[in-house]
Amino acid sequence: MHIPPNWGTFGVLIVSFLVFWFIFSRLFFRPFLNLLSEREERFRSLNDRTEQLLKEARAADKAREQRLNAIRRESLEHRDSERRRVEAEAAQLLETAKADARASLDAARTRIEGELKAAEHDLEQMAHTLAGELAERVLGRRLNGGGTHN
125 MHIPPNWGTF GVLIVSFLVF WFIFSRLFFR PFLNLLSERE ERFRSLNDRT
175 EQLLKEARAA DKAREQRLNA IRRESLEHRD SERRRVEAEA AQLLETAKAD
225 ARASLDAART RIEGELKAAE HDLEQMAHTL AGELAERVLG RRLNGGGTHN
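Numbering (the numbering used here), first residue to last: 125 to 274.
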């Protein structure tokens with residue numbers, strides 16, 4: 125069985141659909157689509173800003189690392205120069221101390237040698253004197269020449 129279309133009802137349905145479409149698009153669809161597009165634009169803007177901030181942060185980190193490396197390099201150079209200066213000063217002090225020690229040692233050696241020669245001379249004289257006295261006691265008389273020989 126075939127039901128013929130009712131063109132009047134169909135026309136009313138079409139007109140009703142268009143009226144409701146117009147009303148819904150004005151009240152619901154357009155504001156919702158506008159809200160979605162604004163939200164998407166805001167997210168895009170925030171994403172761009174985030175990327176820009178990340179680039180700036182990376183650049184700031186790179187600049188900070190470069191400054192830190194320069195400061196480290198400068199402090200190492202300063203430390204090395206100070207170390208070399210102190211080592212040179214210590215070497216100079218060591219050489220001065222060695223020279224003073226050599227001079228003191230030479231002076232002590234010279235003084236000891238002089239004292240040793242004087243002691244040897246005194247011992248020789250004492251040995252001659254004691255030998256003469258011993259000979260006089262053993263012999264029981266005075267020796268010729270009247271005493272000791274120098």
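The beta-carbon is built from N, C-alpha and C at its ideal position, and this holds for glycine as well.
Beta-carbon spacing of residue i, residue j below 7 Å
i, j, result
"E257", "L267", "no"
Assigned exposure category for residue i - 16 Cβ within 10 Å defines buried
i, result
"N274", "Legend: pLDDT at N274 = 47, less than 50; position of this residue unreliable, value from coordinates given subsequently. N274 comes out exposed."
Cut-off 8 Å between Cβ atoms - residues of its own chain near residue i, not counting five sequence neighbours on either side
i, result
"R182", "none"
"S205", "none"
Same chain, Cβ closer than 7 Å to residue i, neighbours up to 5 away in sequence not counted
i, result
"E219", "none"
Cut-off 6 Å between Cβ atoms - residues of its own chain near residue i, not counting five sequence neighbours on either side
i, result
"G132", "none"
"F134", "none"
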